[in-house]
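Okay, so the sequence shown: first residue is 6 according to the working numbering, each after it adds one.
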Amino acid sequence: MKLSEYFRYNGKTDNASELENKKVLRTVFKGVRIPWFVIILGAFLAVFNAIVILTQFDNYNAIFNGSLTSLKPLWAYLLASFIQYLIIFASVIYDRGLVTVVTRVRRKLWAKMMHLPLKEFEEESPDGMLSRLTSDAEYAARPFTAVMTVLQLLTYFMSVSSGAPKDVPQATIYLVITLVLALITLIFTIKVSSKSVTLVQNRISAQTAHYSEHLDGIKFIKASSAEEKAIERSNELIDERYNAALYNAFSSGLQALSSNFTYIIIYSCAFLGGIAAIKAGSISTTAPINGIYMFGMQLELAMVALLTLPNYFSAAGGGTKKIASIFRMQEEDTESGRELETTGDIRLESVSFGYGDKDTVRNISVCIPEGKITAVIGPNGSGKSTLIKLIDRLYVARNGKIYLGNESSADVSLKSWRSRFAVVSQDASLFSGTIRENILYGADREVSEEELMNAVKAANLTDVVQLHPDGLDRDIGIKGDKLSGGEQQRVAIARALLKDPEILILDEATANLDQKTEEEVKQGLKALMEGRTVIMVAHSYSAIRDADLIIVMKDGEVEAAGTKEELAGTNDFFAQMVLEG
Ligand SMILES: Nc1ncnc2c1ncn2[C@@H]1O[C@H](COP(=O)(O)OP(=O)(O)O)[C@@H](O)[C@H]1O
Ligand SMILES: [Mg+2]
6 MKLSEYFRYN
16 GKTDNASELE
26 NKKVLRTVFK
36 GVRIPWFVII
46 LGAFLAVFNA
56 IVILTQFDNY
66 NAIFNGSLTS
76 LKPLWAYLLA
86 SFIQYLIIFA
96 SVIYDRGLVT
106 VVTRVRRKLW
116 AKMMHLPLKE
126 FEEESPDGML
136 SRLTSDAEYA
146 ARPFTAVMTV
156 LQLLTYFMSV
166 SSGAPKDVPQ
176 ATIYLVITLV
186 LALITLIFTI
196 KVSSKSVTLV
206 QNRISAQTAH
216 YSEHLDGIKF
226 IKASSAEEKA
236 IERSNELIDE
246 RYNAALYNAF
256 SSGLQALSSN
266 FTYIIIYSCA
276 FLGGIAAIKA
286 GSISTTAPIN
296 GIYMFGMQLE
306 LAMVALLTLP
316 NYFSAAGGGT
326 KKIASIFRMQ
336 EEDTESGREL
346 ETTGDIRLES
356 VSFGYGDKDT
366 VRNISVCIPE
376 GKITAVIGPN
386 GSGKSTLIKL
396 IDRLYVARNG
406 KIYLGNESSA
416 DVSLKSWRSR
426 FAVVSQDASL
436 FSGTIRENIL
446 YGADREVSEE
456 ELMNAVKAAN
466 LTDVVQLHPD
476 GLDRDIGIKG
486 DKLSGGEQQR
496 VAIARALLKD
506 PEILILDEAT
516 ANLDQKTEEE
526 VKQGLKALME
536 GRTVIMVAHS
546 YSAIRDADLI
556 IVMKDGEVEA
566 AGTKEELAGT
576 NDFFAQMVLE
586 G
C-alpha cells in the first residue's frame, strides 16, 4: 500500500464481519466485570484537575486586567498548582481501571478460544488468534476512556454557560461564525485520526502474526535458506506499519494544527470584536474582551471533547470488532448428552465430512474392532487424518453415524466421548515446562510417583530421565525443542499412558524418525498399545505388521478393508506397501 493510499483508506475494508458498534461493545464486555468505581473515581479526580486549571484563568485575568491589587491571586495560583501535582496520581488510578478492563477481556477471550471447535482455528489462523490476544485486546478499554471525556465535557459546559459574555454582542457574533468554521476542521481531523488508529492497529496485528509464524518456522527457514524471503516479507510489513505510523503522525499534526487554528480564530474574534465594541462605545475597559477570549477557549475545549466522544466507540473498530466476532462464535458443547457407559467396537455408518463445500471423506462405513489393532493406510491426502479426527469427534460428521459399542456419538457428550481416546501423532504437541509437567498434562487426577515412573519406564524414557541431572524436572524448552524428535514422541507416549485410554490413536507417530529412534519409540508404543483398541495411520509395512485389520483409503473413500491375507492379493496399494517394506 502506497502512502497516498493511506489517505484514501477506508477504515472498514480490512475487517472481518460488519457488526454494529453497539453490538460489538455489548459482545466484548458481556460478563466482564468493569471496575466502574476505579474508573469513575480516577476520572473525577482528573476532571477536578481540569477545574483547577479553569480556576486559574481568573488569576490570569486578574494579571491581564491589571487588577492585581494584592498577592491573593498568587497564593491561589500556587495552591492550585500544588493540588494539580497531587492529582497527577489520579491518572494512575484511572489507568489502573483501564488496564483491569483489558486484562479481564483478555482472560475472557482466552477462555472462549479454548472452548471453540477446531474448525474455527483453521478459518482464522492461530497467528491471527494470537494477534487478537496480544495487540487487539489492548484496545478493548478504549470506550472507557470516554468516561473521562464525558466528565470533562460536563465541567466545560458548566464553566462555559457561566462565563458567556453578554456585554460585547459584536464579538459574540464573530465567535459563533468562526466556531462553526473551527467545528468543520475539527470534524475532518477527528475523522482522519479515527481512521489512523484503526489502521495502525491492523498493521500491528499483521506484524505480530508474521513474526509468530516465522519464528515458529525458524528451523524450516534455516534448512531451506529462506532467510532472505522472510526478511523481505517482514520488510514489507514494516513498511506498511511505518506508513501507517506516518499517517498517524500526520493526523496528530493535523489535529494540533486545527486546534491551533481555532485558537487563532478565537483570539482574532476577541480582538476584532473588542475593537468594534470600543468603537461603538459599548465598552470602556478591556475586561470584557478577555472574557470573550476565555469563553472562546472553554468553548473550544468543550467542542473537542464532544467531537472526540464518538471516536472512542468507533475506533474500537478494527481489532475490537475481530475480538467480538470471536466471542460470537459457537462454542463446542462438551457437556450435553449422556455419559458413555459401554465400550465395544467403533462403527462408522455412511459418514461424510468436508472442510469446505466439497466432501473430503465420503460414505465411510467401517467397523474398528475392540481390543484389536486397525491400520489405516492410503496415499497422502486420501483422508486418513480426517477420518481419525471424525472418530474422536474433533470434527462433526456431516452425514452418517458413529457408534462406540451400541452408543451413538449423537447421544453422548463430547467430554465423555473424548475421555476414551488418546492420540499420539507425528507432532508430539509438547509445551514448555518440565518432562514431569508434560507427562501429567491432561491427567486430571492424582498421579502417584510410582505410577509416573511406570509410565516413564514403559514409554522407554528411563534413560532420558536418568542421564540428566534434573531428571523428570528437566526443562524441555518451548514445544519440547530441547529434546530430540524421538524423545519428544516418548514423552507424548508416557502422557498417553497416564491417560490410560481405551482407544489409542496413532497418527504417523513414528514418521520422520530415523530407524534407531523409531525402534526406541516403538518399544514405548508397544507398551501403550497393549490391551487397547488401536487405530494407527502409518506409511510403512513394518509399522503395521501387527495390525489385525487394514483399511485402505483412496480419495476420501474406503477402497478396501480386510486382514493382511485378504488384501495381499486384491489391493494394489497394500501390495506395493508390502513390497517396499
Ligand atoms: N483443515 C483443513 N482444511 C481444509 N482442507 C483440509 C484440512 N485438513 C485436510 N484438508 C484436506 O483434506 C484432504 C485429506 O486430508 P488428510 O485427512 O489430512 O489426509 P491424509 O491424512 O490421508 O494425508 C486433503 O486434500 C487435505 O488437503
Ligand atoms: Mg495425515
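Don't be surprised by glycine CBs; every beta carbon is placed ideally from N, CA and C. Note that the structure is a prediction, hence the values are computed from the model and not measured.
Check	Outcome
Could you tell me which of 504, 448, 560 sits nearest to residue 384, measuring between CA atoms?	560
Going by beta-carbon coordinates alone, are residue 398 and residue 422 separated by less than 7 Å?	yes
For a test of the three-state rule: what should DSSP assign to residue 213, helix, strand or coil?	helix
So, are the CB atoms of residue 511 and residue 541 less than 7 Å apart?	yes
Looking at C-alpha atoms only, which residue of 468, 434, 583, 314 is the closest neighbour of residue 158?	314
For ligand 2, is there any heavy atom lying closer than 6 Å to the beta carbon of residue 390?	yes
Between which residues of its own chain and residue 391 is the CB-CB distance below 7 Å, once the five residues before and five after are set aside?	358, 365, 366
Does the Cβ of residue 365 lie closer than 6 Å to at least one heavy atom of ligand 1?	yes
On the three-pair Cβ rule with 8 Å, is the region 344-353 touching the region 483-490?	no
In whole angstroms, what is the alpha-carbon distance linking residue 156 and residue 342?	51 Å
Starting from residue 502, trace the alpha helix (DSSP H) both ways and give me its first and last residue.	490-504
Along the chain, which unbroken stretches of the beta strand (DSSP E) at least 3 residues long are found entirely within the region 394-427?	404-409
Ends of the beta strand (DSSP E) at residue 557?	554-559
Might you give, ordered along the chain, the residues of its own chain that have their beta carbon closer than 6 Å to the beta carbon of residue 539, omitting 5 neighbours on each side?	378, 509
What three-state label does DSSP hand residue 481 in the structure shown?	coil
Where does residue 334 sit, in a helix, a strand or coil, going by DSSP?	coil
Should residue 141 go down as buried or exposed, given a rule of 16 or more other Cβ atoms within 10 Å for buried?	buried
With contact counted as at least three CB pairs below 8 Å, one residue from each stretch, are the region 468-480 and the region 412-421 in contact?	no
Grab the span of the beta strand (DSSP E) containing residue 354 for me, first residue to last.	351-358
Under 6 Å from any heavy atom of ligand 1, does the C-beta of residue 517 make it?	no
Which term fits residue 523, buried or exposed, when burial requires 16 or more other beta carbons within 10 angstroms of its beta carbon?	buried
On the three-state DSSP scale, how would you describe residue 450?	coil
Would you be able to state if there are at least three C-beta pairs under 8 Å between the region 31-39 and the region 326-336?	yes
Are residue 578 and residue 557 touching if we call contact CB-CB under 7 Å?	yes
Given this structure, state the Cα-to-Cα distance separating residue 28 from residue 36, to the nearest angstrom.	14 Å
Quick check on the burial criterion: 16 or more other C-beta atoms within 10 angstroms. Buried or exposed for residue 412?	buried
Would you say the beta carbon of residue 198 is closer than 6 Å to some non-hydrogen atom of ligand 1?	no
According to DSSP, residue 381 sits in a beta bridge with which residue or residues?	542, 556
Taking residue 447 and residue 500 to be in contact with their CB atoms under 8 Å, please state how far apart those CB atoms are, rounded to whole angstroms.	7 Å
How about residue 288 and residue 282: do their beta carbons lie closer than 7 Å?	yes
Cβ of residue 386 within 6 Å of any heavy atom in ligand 1?	yes
Out of curiosity, what's the CA-to-CA distance linking residue 160 and residue 56?	7 Å
Would residue 114 pass as a contact of residue 149 if the rule is Cβ separation under 7 Å?	no
Roughly how many angstroms lie between the CA atoms of residue 296 and residue 276, to the nearest whole one?	11 Å
Find the nearest neighbour of residue 218 within the set 286, 135, 264, 182, judged by alpha-carbon distance.	135
For residue 252, count neighbouring Cβ atoms within 10 angstroms of its own Cβ and tell me buried if that reaches 16, exposed if not.	buried
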